[in-house]
């Protein structure tokens, strides 16, 4: 990729200087990164995982309550949603360069910033899920319960999917190339994580609806994985196929997708299935963040994405 | 405006902030001599901490890149022929050449960092500059992945003001006092020009024409107005492909893809609810 009008070898003249071998020009300026890699550390991919799990659990809790599922399912689901929301908030605070200013996130509501919209989604989700859990535990009546559980189910879905928007709507080439795939990928993984975590919280019982949800989520992960691999974007998303991030990404995807599907079909122990999906989803999030860092640091990816 | 001396907008007192005049930079690689006075003036005036004593081995450039602690960066390009005379012309074929490019925040017409900032810390000033309010920024780092030029950076925690996002302020404080940015004031060749943006755009067009007439056929104005960035307030006159300077040919603001990504998130949320409902309905049968 030269894209350049400077001849690398001037023609030899009578000056006697031998023509140097043509040196391949590094892309951009000395091959230095064109974009800044994301500054996010370990907290952010862990938040993507925990937030997705909490959101998925809230979706299941809300629908289960409508379907009059036993309390043994609804209560652990709500607990997972509330605890997950609290841990998520903690991780987001830790990740900030200036953690004491976390509340500045709620200073404005900015539709142009997925980070701002996400902070509001997480806040609303945490409040709604806590209200639903409190009314279920202390018998505060159906009105308060549904005032919490209803919004928590919808906001839970958005909490699991918005993280895909968050990283997709950036200049990081490998993320930007998948700005529509990532919300589906993260959302379905979050739903599966919710089902898997509820199953573990119920003492390792994968009751029929949870089994169906986990099967749907793992099949969706298979489709997402094939979709991403089939539509490669050249230099733009090559960070998804080289380096540590790629190994985590595909290793995690293999666990949540084909491995979980297979384990479900052979009726493997519920604990094994649940752990396979959870571990897969967790390392897959780390893979996406690591690959994003590599992609932003790749000048060819950045320049190609902006032509 | 070139040659106006102490009457130039780089030097004279102005009322741009009071008048709400949109101002800009015009950085001209054909006039830059690589003295790095702009880098030094910027560091001194703005109290920017050092960015490490690193030996890059890349020509005389040991600064490397713009960052939270580098708001002006002079690139050093070693050429096989004098700039603009590539491929022959009057110069002897074994003559070498230099290009120096003083890179800076572009102060985009539509700024990715500003749109990405969740706290409202990044604002637009009266003169059209993009400014980070340090007392509001909580260091979330989302502006860093919103910038199409890789300019804004989060400063390491152990540095003064660490943890926050920083970039060129367009010397907003100096502008409010009726002055021009420190880099433009210090530039000895007026390779960096500061003034009303519309005047600079007109001057840039004239300068490119002049350069073409003098045989520097590769001279171009870098001002991506037909992209979603909508043009920049820090114009650059370059020689050759912008990519040589690490500048994207068609920079895009990420927010152009907001709608389709959120649509995907919304539909997935509906699908998650539907799949769960179906699962419970099947189990109830």
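Protein chains in written order, with our numbering: chain A, 1 to 307; chain B, 1 to 285. Note that beta-carbon positions come from the ideal geometry of N, C-alpha and C, so glycine has one too. Just so we're clear, the structure is a prediction, and the values are computed from it rather than from any experiment.
Alpha helix (DSSP H) segment containing residue i, residue limits
{"i": "residue 92 of chain A", "result": "71–95"}
{"i": "residue 192 of chain B", "result": "No alpha helix (DSSP H) contains residue 192 of chain B, which is instead part of the beta strand (DSSP E) from 192–196."}
{"i": "residue 283 of chain A", "result": "270–296"}
{"i": "residue 125 of chain A", "result": "114–138"}
{"i": "residue 63 of chain B", "result": "Segment: none, residue 63 of chain B is in no alpha helix (DSSP H) and carries neither H nor E."}
{"i": "residue 218 of chain A", "result": "208–230"}
{"i": "residue 131 of chain B", "result": "Not the alpha helix (DSSP H): residue 131 of chain B falls in the beta strand (DSSP E), residues 130–132."}
{"i": "residue 34 of chain A", "result": "No alpha helix (DSSP H) holds residue 34 of chain A; DSSP gives it neither H nor E."}
{"i": "residue 36 of chain B", "result": "Taken as a continuous stretch (DSSP letters only), residue 36 of chain B belongs to no alpha helix (DSSP H), as it is neither H nor E."}
Cβ-heavy atom distance, residue i to the ligand SAM, below 7 Å
{"i": "residue 172 of chain A", "result": "Ligands are entirely absent from the displayed structure, and the ligand SAM is therefore not among its contents."}
Rounded separation between residue i and residue j - CA only
{"i": "residue 192 of chain B", "j": "residue 113 of chain A", "result": "33 Å"}
{"i": "residue 218 of chain B", "j": "residue 196 of chain B", "result": "26 Å"}
{"i": "residue 142 of chain A", "j": "residue 227 of chain B", "result": "53 Å"}
{"i": "residue 40 of chain A", "j": "residue 146 of chain B", "result": "14 Å"}
{"i": "residue 185 of chain A", "j": "residue 164 of chain A", "result": "8 Å"}
{"i": "residue 272 of chain B", "j": "residue 20 of chain B", "result": "50 Å"}
{"i": "residue 203 of chain A", "j": "residue 210 of chain A", "result": "13 Å"}
{"i": "residue 116 of chain A", "j": "residue 46 of chain A", "result": "19 Å"}
{"i": "residue 242 of chain B", "j": "residue 52 of chain B", "result": "28 Å"}
{"i": "residue 281 of chain B", "j": "residue 67 of chain A", "result": "8 Å"}
{"i": "residue 187 of chain A", "j": "residue 126 of chain B", "result": "42 Å"}
{"i": "residue 199 of chain A", "j": "residue 73 of chain A", "result": "9 Å"}
{"i": "residue 7 of chain A", "j": "residue 83 of chain B", "result": "Residue placement at residue 7 of chain A cannot be trusted, given a pLDDT of 40 that sits under 50; what the coordinates show is reported in the next sentence. So the two alpha carbons sit approximately 11 Å from each other."}
{"i": "residue 205 of chain A", "j": "residue 270 of chain A", "result": "6 Å"}
{"i": "residue 11 of chain A", "j": "residue 99 of chain B", "result": "With a pLDDT of 43 at residue 11 of chain A, under the threshold of 50, the predicted position of this residue should be treated as unreliable, and no value is reported."}
{"i": "residue 38 of chain A", "j": "residue 44 of chain A", "result": "11 Å"}
{"i": "residue 132 of chain A", "j": "residue 71 of chain A", "result": "13 Å"}
{"i": "residue 108 of chain B", "j": "residue 301 of chain A", "result": "22 Å"}
{"i": "residue 278 of chain B", "j": "residue 152 of chain A", "result": "19 Å"}
{"i": "residue 247 of chain A", "j": "residue 32 of chain A", "result": "25 Å"}
{"i": "residue 242 of chain A", "j": "residue 260 of chain B", "result": "28 Å"}
{"i": "residue 289 of chain A", "j": "residue 13 of chain B", "result": "48 Å"}
{"i": "residue 135 of chain A", "j": "residue 263 of chain B", "result": "33 Å"}
{"i": "residue 252 of chain B", "j": "residue 118 of chain A", "result": "23 Å"}
Beta-bridge pairing of residue i - partner residues as DSSP gives them
{"i": "residue 121 of chain B", "result": "Bridge partners of residue 121 of chain B: none, in fact."}
{"i": "residue 150 of chain A", "result": "DSSP, once it has assigned bridges, lists no residue as partnering residue 150 of chain A."}
{"i": "residue 108 of chain B", "result": "B:232"}
{"i": "residue 255 of chain B", "result": "DSSP output for residue 255 of chain B lists no bridge partner at all."}
{"i": "residue 67 of chain B", "result": "B:70"}
{"i": "residue 154 of chain B", "result": "B:165"}
Neighbourhood of residue i by C-beta, 7 Å cutoff - its chain only, sequence neighbours within 5 removed
{"i": "residue 190 of chain A", "result": "52, 53, 55, 56 and 160"}
{"i": "residue 37 of chain B", "result": "186, 187 and 188"}
{"i": "residue 200 of chain B", "result": "24, 26, 193 and 235"}
{"i": "residue 181 of chain B", "result": "170, 171, 174 and 194"}
{"i": "residue 143 of chain B", "result": "113, 116, 117, 122, 152 and 165"}
{"i": "residue 155 of chain A", "result": "121, 124, 125 and 128"}
{"i": "residue 2 of chain A", "result": "Its pLDDT being 35, under 50, residue 2 of chain A is placed unreliably in this model, and the value from its coordinates should be taken loosely. Around residue 2 of chain A: 25."}
{"i": "residue 14 of chain A", "result": "No answer about residue 14 of chain A holds up, because its pLDDT of 43 lies below 50 and its placement is not dependable."}
{"i": "residue 276 of chain A", "result": "255, 259, 260 and 263"}
Chain-order list of residues whose beta-carbon lies under 6 Å from that of residue i (same chain, five-residue window excluded)
{"i": "residue 184 of chain B", "result": "10, 192 and 194"}
{"i": "residue 158 of chain A", "result": "121"}
{"i": "residue 158 of chain B", "result": "none"}
{"i": "residue 128 of chain B", "result": "22 and 233"}
{"i": "residue 256 of chain B", "result": "228"}
{"i": "residue 280 of chain A", "result": "252, 255 and 256"}
{"i": "residue 282 of chain A", "result": "49"}
{"i": "residue 80 of chain A", "result": "57 and 197"}
{"i": "residue 287 of chain A", "result": "245, 248, 249 and 252"}
Range covered by the beta strand (DSSP E) that runs through residue i
{"i": "residue 220 of chain B", "result": "219–222"}
{"i": "residue 76 of chain B", "result": "72–79"}
{"i": "residue 260 of chain A", "result": "Note, residue 260 of chain A: premise wrong, no beta strand (DSSP E); alpha helix (DSSP H) at 260–265."}
{"i": "residue 357 of chain B", "result": "In the structure as shown, chain B begins at 1 and stops at 285. Residue 357 of chain B is therefore absent and cannot be evaluated."}
{"i": "residue 292 of chain B", "result": "No answer is possible for residue 292 of chain B: it lies beyond the span of chain B, which begins at 1 and ends at 285."}
{"i": "residue 24 of chain B", "result": "23–28"}
Close Cβ partners of residue i (< 8 Å) along its chain, the five nearest in sequence each way excluded
{"i": "residue 237 of chain B", "result": "26, 27, 28, 29, 30, 204, 207, 208, 211, 219, 220, 221 and 222"}
{"i": "residue 50 of chain A", "result": "84, 87, 88 and 91"}
{"i": "residue 101 of chain B", "result": "27, 29, 32, 74, 75, 77, 236, 238 and 245"}
{"i": "residue 34 of chain B", "result": "60, 74, 76, 98 and 100"}
{"i": "residue 55 of chain B", "result": "62"}
{"i": "residue 48 of chain B", "result": "42, 69, 70, 71 and 166"}
(message) Pairs of beta-carbons, one from the stretch 170–186 of chain A and one from the stretch 289–300 of chain A, closer than 8 Å: are there three or more?
(response) yes
(message) For the pair the stretch 135–143 of chain B and the stretch 92–106 of chain A, tell me if three or more CB-CB distances fall below 8 Å.
(response) Two segments are said to touch when three or more pairs of C-beta atoms, one from each, lie closer than 8 Å; by this definition the stretch 135–143 of chain B touches the stretch 92–106 of chain A.
Do the stretch 155–169 of chain A and the stretch 232–246 of chain A meet, that is, are 3 or more Cβ pairs less than 8 Å apart? Taking 8 Å as the limit for Cβ pairs, the verdict is that the stretch 232–246 of chain A does not touch the stretch 155–169 of chain A.
Touch check for the stretch 260–267 of chain A and the stretch 207–225 of chain A: three-plus C-beta pairs under 8 Å?
yes
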